[in-house]
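Numbering (the working numbering), first residue to last: -7 to 271. Working notes for the structure below.
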(Lines of atoms letter the chains of each structure in order from A and count residues from 1; the text may use other names and numbers.)
(Lines give C-alpha, C1' and ligand atoms only; values in the text may rest on other atoms or scores of the structure.)
Protein backbone atom coordinates (compact mmCIF):
# COMPACT_ATOMS: atom_id res chain seq x y z
CA UNK A 1 0.00 0.00 0.00
CA UNK A 2 2.79 2.41 0.93
CA UNK A 3 4.47 1.76 -2.45
CA UNK A 4 1.22 2.43 -4.33
CA UNK A 5 0.75 5.73 -2.50
CA UNK A 6 4.32 6.74 -3.34
CA UNK A 7 3.88 5.93 -7.03
CA UNK A 8 0.61 7.85 -7.16
CA UNK A 9 2.21 10.88 -5.54
CA UNK A 10 5.13 10.70 -7.96
CA UNK A 11 2.74 10.75 -10.93
CA UNK A 12 1.02 13.85 -9.57
CA UNK A 13 4.37 15.60 -9.15
CA UNK A 14 5.75 14.65 -12.55
CA UNK A 15 2.59 14.97 -14.59
CA UNK A 16 2.93 11.37 -15.78
CA UNK A 17 -0.85 10.96 -15.73
CA UNK A 18 -1.41 13.70 -18.29
CA UNK A 19 -2.37 12.65 -21.82
CA UNK A 20 -0.15 13.47 -24.76
CA UNK A 21 -0.95 16.70 -26.58
CA UNK A 22 -1.47 16.14 -30.30
CA UNK A 23 -0.74 19.46 -32.00
CA UNK A 24 -1.65 18.49 -35.55
CA UNK A 25 -4.77 17.96 -37.61
CA UNK A 26 -5.55 14.22 -37.54
CA UNK A 27 -7.80 14.64 -40.59
CA UNK A 28 -5.12 16.20 -42.76
CA UNK A 29 -3.91 14.12 -45.68
CA UNK A 30 -0.91 14.44 -47.91
CA UNK A 31 -1.71 16.53 -51.01
CA UNK A 32 -2.03 14.58 -54.23
CA UNK A 33 0.61 16.80 -55.81
CA UNK A 34 3.76 17.92 -54.05
CA UNK A 35 4.33 21.69 -53.80
CA UNK A 36 6.66 23.26 -56.33
CA UNK A 37 9.12 24.42 -53.65
CA UNK A 38 9.81 24.26 -49.93
CA UNK A 39 8.82 27.69 -48.64
CA UNK A 40 10.06 28.81 -45.22
CA UNK A 41 8.88 32.40 -45.66
CA UNK A 42 5.97 32.04 -43.20
CA UNK A 43 8.46 30.87 -40.57
CA UNK A 44 10.77 33.76 -41.43
CA UNK A 45 7.83 36.14 -40.89
CA UNK A 46 7.16 34.65 -37.45
CA UNK A 47 10.78 35.08 -36.40
CA UNK A 48 11.08 38.60 -37.79
CA UNK A 49 7.85 39.72 -36.11
CA UNK A 50 8.03 37.97 -32.76
CA UNK A 51 11.69 37.42 -31.83
CA UNK A 52 14.01 40.00 -30.31
CA UNK A 53 17.39 39.29 -28.72
CA UNK A 54 16.56 35.61 -28.51
CA UNK A 55 13.24 36.15 -26.72
CA UNK A 56 9.73 35.66 -28.09
CA UNK A 57 6.66 37.90 -28.10
CA UNK A 58 4.24 35.05 -27.43
CA UNK A 59 1.23 37.33 -26.90
CA UNK A 60 1.52 38.75 -30.42
CA UNK A 61 2.01 35.24 -31.77
CA UNK A 62 -1.06 34.04 -29.87
CA UNK A 63 -3.22 36.80 -31.37
CA UNK A 64 -2.19 35.81 -34.88
CA UNK A 65 -0.64 32.34 -35.19
CA UNK A 66 -1.55 32.05 -38.87
CA UNK A 67 2.03 32.21 -40.19
CA UNK A 68 3.25 29.66 -37.65
CA UNK A 69 0.35 27.37 -38.49
CA UNK A 70 0.99 27.82 -42.22
CA UNK A 71 4.59 26.72 -41.80
CA UNK A 72 3.67 23.72 -39.66
CA UNK A 73 0.94 22.76 -42.13
CA UNK A 74 3.57 22.83 -44.86
CA UNK A 75 6.23 20.75 -43.10
CA UNK A 76 3.60 18.20 -42.08
CA UNK A 77 3.90 16.76 -45.59
CA UNK A 78 7.09 18.36 -46.90
CA UNK A 79 10.48 17.13 -45.79
CA UNK A 80 13.53 14.99 -46.56
CA UNK A 81 11.43 11.81 -46.79
CA UNK A 82 8.23 13.03 -48.43
CA UNK A 83 9.85 15.52 -50.84
CA UNK A 84 13.53 14.51 -51.03
CA UNK A 85 14.25 16.63 -54.10
CA UNK A 86 13.99 19.78 -51.93
CA UNK A 87 16.60 18.52 -49.48
CA UNK A 88 19.39 17.08 -51.55
CA UNK A 89 22.29 17.80 -49.20
CA UNK A 90 22.83 17.30 -45.44
CA UNK A 91 22.90 21.07 -44.78
CA UNK A 92 19.41 21.48 -46.23
CA UNK A 93 18.13 18.59 -44.16
CA UNK A 94 19.78 19.82 -40.96
CA UNK A 95 18.39 23.34 -41.46
CA UNK A 96 14.94 21.81 -41.99
CA UNK A 97 15.03 19.87 -38.71
CA UNK A 98 16.34 22.84 -36.74
CA UNK A 99 13.54 25.05 -38.06
CA UNK A 100 10.93 22.37 -37.39
CA UNK A 101 12.13 21.92 -33.82
CA UNK A 102 11.98 25.62 -33.02
CA UNK A 103 8.60 26.10 -34.71
CA UNK A 104 7.12 23.14 -32.83
CA UNK A 105 8.37 24.54 -29.53
CA UNK A 106 6.49 27.79 -30.18
CA UNK A 107 3.37 25.81 -31.02
CA UNK A 108 3.69 23.90 -27.74
CA UNK A 109 4.03 27.12 -25.74
CA UNK A 110 0.82 28.46 -27.28
CA UNK A 111 -0.94 25.15 -26.62
CA UNK A 112 0.09 25.39 -22.97
CA UNK A 113 -1.43 28.91 -22.87
CA UNK A 114 1.93 30.69 -22.50
CA UNK A 115 2.87 29.55 -18.97
CA UNK A 116 5.67 31.09 -16.92
CA UNK A 117 7.76 28.04 -17.75
CA UNK A 118 7.59 25.00 -20.00
CA UNK A 119 9.94 23.11 -17.67
CA UNK A 120 7.87 22.18 -14.62
CA UNK A 121 7.58 18.59 -13.38
CA UNK A 122 3.82 19.08 -12.92
CA UNK A 123 3.39 19.86 -16.62
CA UNK A 124 3.62 17.84 -19.79
CA UNK A 125 7.22 17.08 -20.71
CA UNK A 126 8.12 19.46 -23.51
CA UNK A 127 10.41 17.02 -25.29
CA UNK A 128 8.18 13.95 -25.12
CA UNK A 129 4.52 14.83 -24.52
CA UNK A 130 3.73 17.19 -27.41
CA UNK A 131 3.27 15.48 -30.76
CA UNK A 132 3.40 16.94 -34.24
CA UNK A 133 3.14 15.75 -37.82
CA UNK A 134 6.46 16.45 -39.52
CA UNK A 135 7.57 15.04 -42.88
CA UNK A 136 4.59 12.69 -42.91
CA UNK A 137 5.21 11.15 -39.47
CA UNK A 138 3.90 11.77 -35.96
CA UNK A 139 6.88 12.83 -33.86
CA UNK A 140 7.79 14.56 -30.62
CA UNK A 141 10.56 17.08 -30.05
CA UNK A 142 13.04 14.41 -29.05
CA UNK A 143 12.44 12.67 -32.38
CA UNK A 144 13.10 15.92 -34.22
CA UNK A 145 16.25 16.56 -32.19
CA UNK A 146 17.50 13.08 -33.07
CA UNK A 147 16.86 13.70 -36.77
CA UNK A 148 18.87 16.91 -36.53
CA UNK A 149 21.70 15.04 -34.80
CA UNK A 150 21.74 12.46 -37.57
CA UNK A 151 21.89 15.08 -40.32
CA UNK A 152 24.57 17.08 -38.48
CA UNK A 153 27.14 14.40 -39.37
CA UNK A 154 28.80 14.88 -36.00
CA UNK A 155 28.71 18.68 -35.92
CA UNK A 156 27.34 19.05 -32.40
CA UNK A 157 27.21 22.84 -32.81
CA UNK A 158 23.66 22.41 -34.08
CA UNK A 159 22.57 22.00 -30.45
CA UNK A 160 23.12 25.73 -29.94
CA UNK A 161 20.42 26.38 -32.58
CA UNK A 162 17.67 24.47 -30.75
CA UNK A 163 15.68 26.65 -28.36
CA UNK A 164 13.51 24.88 -25.78
CA UNK A 165 11.56 27.97 -24.64
CA UNK A 166 13.64 28.69 -21.53
CA UNK A 167 15.95 31.60 -20.82
CA UNK A 168 18.54 29.02 -19.81
CA UNK A 169 18.39 27.27 -23.18
CA UNK A 170 20.08 28.49 -26.37
CA UNK A 171 18.54 31.71 -27.67
CA UNK A 172 16.09 31.62 -30.57
CA UNK A 173 17.41 33.18 -33.76
CA UNK A 174 15.32 35.83 -35.49
CA UNK A 175 16.07 34.23 -38.88
CA UNK A 176 15.37 30.74 -40.20
CA UNK A 177 18.25 28.37 -40.80
CA UNK A 178 19.03 27.60 -44.42
CA UNK A 179 21.50 25.36 -46.19
CA UNK A 180 23.63 28.16 -47.62
CA UNK A 181 26.42 29.00 -45.19
CA UNK A 182 24.93 26.79 -42.48
CA UNK A 183 28.22 25.43 -41.13
CA UNK A 184 29.67 28.93 -40.86
CA UNK A 185 26.55 30.16 -39.11
CA UNK A 186 26.64 27.29 -36.62
CA UNK A 187 30.30 28.02 -35.95
CA UNK A 188 29.51 31.67 -35.18
CA UNK A 189 26.56 30.60 -33.06
CA UNK A 190 28.77 28.27 -31.02
CA UNK A 191 31.28 31.07 -30.39
CA UNK A 192 28.52 33.41 -29.20
CA UNK A 193 27.08 30.68 -27.00
CA UNK A 194 30.41 30.04 -25.27
CA UNK A 195 30.48 33.80 -24.54
CA UNK A 196 26.94 33.71 -23.09
CA UNK A 197 26.79 33.63 -19.24
CA UNK A 198 23.65 31.51 -19.55
CA UNK A 199 25.82 28.87 -21.22
CA UNK A 200 29.31 29.06 -19.67
CA UNK A 201 30.66 30.73 -16.53
CA UNK A 202 34.14 30.59 -14.98
CA UNK A 203 34.20 31.02 -11.21
CA UNK A 204 37.83 31.65 -10.30
CA UNK A 205 37.08 32.07 -6.61
CA UNK A 206 35.63 28.57 -6.33
CA UNK A 207 37.76 27.21 -9.18
CA UNK A 208 34.69 25.99 -11.04
CA UNK A 209 33.82 25.79 -14.71
CA UNK A 210 30.03 25.99 -14.93
CA UNK A 211 28.20 24.86 -18.07
CA UNK A 212 24.57 24.93 -19.11
CA UNK A 213 22.26 21.96 -18.98
CA UNK A 214 22.23 21.81 -22.79
CA UNK A 215 26.01 21.59 -23.00
CA UNK A 216 26.23 19.02 -20.21
CA UNK A 217 23.44 16.84 -21.60
CA UNK A 218 25.13 16.75 -25.00
CA UNK A 219 28.70 16.52 -23.70
CA UNK A 220 29.46 13.21 -25.41
CA UNK A 221 28.57 14.75 -28.77
CA UNK A 222 30.87 17.70 -28.04
CA UNK A 223 33.68 15.37 -26.94
CA UNK A 224 33.31 13.45 -30.19
CA UNK A 225 33.32 16.70 -32.19
CA UNK A 226 36.55 17.78 -30.50
CA UNK A 227 38.27 14.46 -31.11
CA UNK A 228 37.21 14.35 -34.76
CA UNK A 229 38.20 17.93 -35.58
CA UNK A 230 41.50 17.99 -33.67
CA UNK A 231 42.56 14.35 -34.08
CA UNK A 232 43.06 14.11 -30.32
CA UNK A 233 42.25 10.79 -28.71
CA UNK A 234 40.92 12.28 -25.47
CA UNK A 235 38.68 15.22 -24.66
CA UNK A 236 37.69 17.25 -21.63
CA UNK A 237 34.93 19.78 -21.21
CA UNK A 238 37.47 22.60 -21.14
CA UNK A 239 39.08 21.31 -24.35
CA UNK A 240 35.69 21.33 -26.07
CA UNK A 241 34.73 24.81 -24.92
CA UNK A 242 38.07 26.26 -25.98
CA UNK A 243 37.73 24.57 -29.37
CA UNK A 244 34.29 26.12 -29.90
CA UNK A 245 35.18 29.56 -28.54
CA UNK A 246 36.56 32.60 -30.31
CA UNK A 247 40.19 33.70 -29.75
CA UNK A 248 39.60 36.07 -26.82
CA UNK A 249 37.23 33.74 -25.01
CA UNK A 250 39.66 30.87 -25.60
CA UNK A 251 42.41 32.78 -23.80
CA UNK A 252 40.05 33.50 -20.91
CA UNK A 253 38.95 29.87 -20.63
CA UNK A 254 42.57 28.68 -20.56
CA UNK A 255 42.79 30.12 -17.06
CA UNK A 256 40.21 27.55 -15.92
CA UNK A 257 42.60 24.62 -16.40
CA UNK A 258 42.08 22.10 -13.61
CA UNK A 259 38.79 23.64 -12.46
CA UNK A 260 35.93 21.37 -11.48
CA UNK A 261 33.14 21.19 -14.05
CA UNK A 262 29.65 21.70 -12.65
CA UNK A 263 26.17 22.60 -13.86
CA UNK A 264 24.94 26.15 -14.11
CA UNK A 265 21.59 26.72 -12.40
CA UNK A 266 19.01 26.31 -15.15
CA UNK A 267 16.85 29.39 -15.74
CA UNK A 268 13.64 27.62 -16.69
CA UNK A 269 11.54 30.79 -16.98
CA UNK A 270 9.83 31.25 -20.33
CA UNK A 271 11.91 33.05 -22.96
CA UNK A 272 9.24 35.71 -23.35
CA UNK A 273 9.26 39.43 -23.97
CA UNK A 274 6.51 41.97 -24.49
CA UNK A 275 6.64 45.12 -26.62
CA UNK A 276 4.59 46.86 -23.95
CA UNK A 277 7.05 46.19 -21.15
CA UNK A 278 10.15 46.30 -23.32
CA UNK A 279 11.37 42.95 -21.99
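Even glycine gets a Cβ: it sits at the ideal position worked out from N, Cα and C.
With a cut-off of 8 Å on Cβ pairs, the region 76 to 90 is not in contact with the region 40 to 56, counting fewer than three such pairs. DSSP places residue 14 in the strand class (E or B) of the three-state scheme.
Restricting attention to 70, 268 and 64, the CA atom closest to the CA of residue 34 is found in 64. In this structure, the beta-carbon distance from residue 70 to residue 30 falls below 8 Å. By DSSP's assignment, residue 159 forms no beta bridge with any residue. For residue 122, the enclosing beta strand (DSSP E) covers residues 122 to 126. In the three-state DSSP reduction, residue 130 falls in the strand class (E or B).
Non-local beta-carbon contacts of residue 215 in its own chain, meaning distances under 7 Å to residues more than five positions away in sequence, involve 227 and 232 in chain order. Residue pairing by DSSP puts residue 252 in a beta bridge opposite 200. Cβ atoms of residue 254 and residue 235 stay farther apart than 8 Å, at about 20 Å.
With a cutoff of 8 Å on beta-carbon distance, residue 192 and residue 186 are scored as near each other. Distances from the alpha-carbon of residue 178 to those of 159, 204 and 151 put 151 closest. In the three-state scheme derived from DSSP, where H, G and I count as helix and E and B as strand, residue 268 is classed as coil. A distance below 7 Å between beta-carbons, with the five flanking residues on each side excluded, links residue 182 to the following residues of its chain, in chain order: 149, 152 and 236. A residue is called buried when at least 16 other Cβ atoms come within 10 angstroms of its Cβ; residue 113 does not meet this threshold and is exposed. Contact check for residue 93 and residue 136: beta-carbon distance about 5 Å, within the 8 Å limit, so the pair qualifies. For residue 97, the enclosing alpha helix (DSSP H) stretches over residues 82 to 103. Taking 3 residues as the minimum length, the region 206 to 252 contains no beta strand (DSSP E) run wholly inside it.
Put simply, the backbone Cα of residue 206 is about 30 Å away from that of residue 58. Closest option to residue 190, judged by alpha-carbon separation, among 256, 246 and 242: 256.
Check the Cα spacing between residue 18 and each of 213, 175 and 126: the tightest is with 126.
Taking C-alpha positions only, residue 119 is separated from residue 10 by approximately 14 Å. Listed as beta-bridge partners of residue 195 by DSSP are 200.
Measuring C-alpha to C-alpha distances from residue 208 to each of 43, 219 and 162 identifies 162 as the nearest. Per DSSP, reduced to three states, the secondary structure at residue 154 is coil, with no helix or strand assignment.
In the displayed model, residue 113 falls within coil according to three-state DSSP, outside both helix and strand.
Taking the Cβ atoms as the reference, residue 202 lies roughly 10 Å from residue 229, outside the contact range of under 8 Å. 97 is the residue among 267, 97 and 217 whose C-alpha sits nearest the C-alpha of residue 116. For residue 63, the enclosing alpha helix (DSSP H) covers residues 58 to 67.
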